[in-house]
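Asks: Going by mature numbering (1 follows the signal peptide of the UniProt record, and there is no 0), the letters in the sequence shown line up with residues -22 to -1, 1 to 289, in that order. Take this structure first; my questions come after.
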Amino acid sequence: MRRGSKRKLLLLVSLALSLLWAGRHLRPQRAELQLSDWFDPRKRPDVVTTTDWLAPVIWEGTFDRRALYRHYRRQNLTVGLVVFAVGRAAHRYLEPFLRSADKHFLPGFRVVTYVLAESWLRPPALPARPLRAVRVLAVRPDRGPPGRSLWRLQSLGAALSAVQAEADFVFSMSVDRVFRADVGAEVLGAAVAQLHAWWFFRDRRHFPYERRPRSAACIPAGQGDFFYDGAVLGGAPARLLALLRACLAGAWQDALHGLHSTFESHLNKYFFLHKPSTLLSPEYNWDASFHPPLQVRLVRVLQLGRRDPDP
């Protein structure tokens, strides 16, 4: 290499290093939010607040929402809320769901609600509000693979594939819910699981896990952590897609072996193998059929009616 060429190369390397150094010192360094910055499990000694794998269980009184809001607002987030509204449920539940979510779901953040519905549905008109939008994603009626679980999984997976470029976090909920209080940034996490209100206060030995050894959803007797509710899911889009693909593969495997298995069974198997990063207490999905116990201090989301095990 000629002397002039060497000199030019050295100058280019020096310039690149100078720009890198300047960039590191000129760009504001965003401090990483630590769990201890917003979560205090000692505030609720009456309930389980931390899992064996050190994930937080979110209860009223355990979190500092102001610290979370300050942190996440700087990131200019968009959160997607996906809701199924198919069949009779669309007429009965969609409007109260949308109106309550518009008021209480992540107030102060940009939220896009994606209504998974048949093409004829027109969602109720809501007052225009900054940072809020509602979009309908058409889904076909249940004509695809056998079983409601498989159809719902495929529909939800297709929706996530469509919205993942727009949303930083995505939550999926069944439509027969109504928000009763604010659900804020405490629910944001990489993989968010909802504890099942029907089973949280019961002995683990009685959880309705899939126990048939031939099933892909099987959790052997004596094992398992919590029982999770398939009606509410959340997290980063890539993590949710990985979960759905695994559950869909398991449901297909069971169908090929002549086994009927629910999405909820495969969800519990997935979270048994891949632990969620954040767990929502029953306060975030309480069943209206039951009077809440003392541990449930504030019902944030209310399930309006009994449902099938599938989401």
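Where is the CB? At the ideal position from N, CA and C, for every residue including glycine.
Please return the same chain residues whose Cβ sits closer than 6 Å to the Cβ of residue 293, not counting the five positions on each side in sequence.
Replies: The question about residue 293 has no answer here: the residues shown for the chain are numbered -22 through 289.
Asks: List the DSSP bridge partners of Q281.
Replies: Answer is R155, D265, bridged to Q281.
Asks: Let me confirm a value: D207 is counted as buried when at least 16 other C-beta atoms fall within 10 Å, else exposed. Which label applies?
Replies: buried
Asks: Report yes or no: do the stretch 96 to 112 and the stretch 132 to 151 share at least 3 C-beta pairs separated by less than 8 Å?
Replies: no
Asks: What does DSSP give as the partner residue(s) for Q172 in the beta ladder?
Replies: L258
Asks: Under 8 Å between the Cβ atoms of L138 and V89?
Replies: no
Asks: Which residues share a DSSP beta bridge with I36?
Replies: L258
Asks: Taking the alpha-carbon of P72 as reference, which of A95, A209, L221, A224 has the nearest alpha-carbon?
Replies: Before going further, note that residue 72 is Leu rather than Pro in the sequence given. Considering only alpha carbons, the answer is A95.
Asks: How many angstroms separate the CA atom of W(-2) from the CA atom of E10?
Replies: Per-residue confidence for W(-2) stands at a pLDDT of 43, beneath the threshold of 50, marking its modelled position as unreliable; the derived number appears in the next sentence. Roughly 21 Å separates the two Cα atoms.
Asks: Pick from A229, V148, Q172: whose alpha carbon is nearest that of L55?
Replies: Measuring from the Cα of L55, the nearest candidate turns out to be V148.
Asks: Look at the Cβ atom of L211, then the Cβ atom of L218, and state whether they are nearer than 8 Å.
Replies: yes
Asks: Does DSSP put D207 in a helix, in a strand, or in coil?
Replies: strand
Asks: Can you tell which of P23, W176, S193 has the C-alpha that lies nearest to the C-alpha of F185?
Replies: Relative to F185, the option among P23, W176, S193 whose CA is nearest is W176.
Asks: What are the partner residues of Y92, as DSSP defines its beta bridges?
Replies: V60, R113
Asks: Please classify K21 as buried or exposed, where buried requires at least 16 neighbouring CB atoms within 10 angstroms.
Replies: exposed
Asks: Starting from the Cα of V35, find the closest Cα among Q281, L282, L280, V274 and give me that residue.
Replies: V274
Asks: Rounded to the nearest angstrom, what separates F241 and D42 at their Cα positions?
Replies: 33 Å
Asks: By the 10 Å Cβ neighbour count, where 16 or more other Cβ atoms means buried, how is A63 classified, buried or exposed?
Replies: buried
Asks: Within 10 Å of its beta-carbon, does Q201 have 16 or more other beta-carbons around it, so buried, or fewer, so exposed?
Replies: exposed
Asks: Is the Cβ-Cβ distance between K253 and W31 less than 8 Å?
Replies: yes
Asks: Look at R192 and H235 and say whether their C-beta atoms are less than 8 Å apart.
Replies: Contact: yes.
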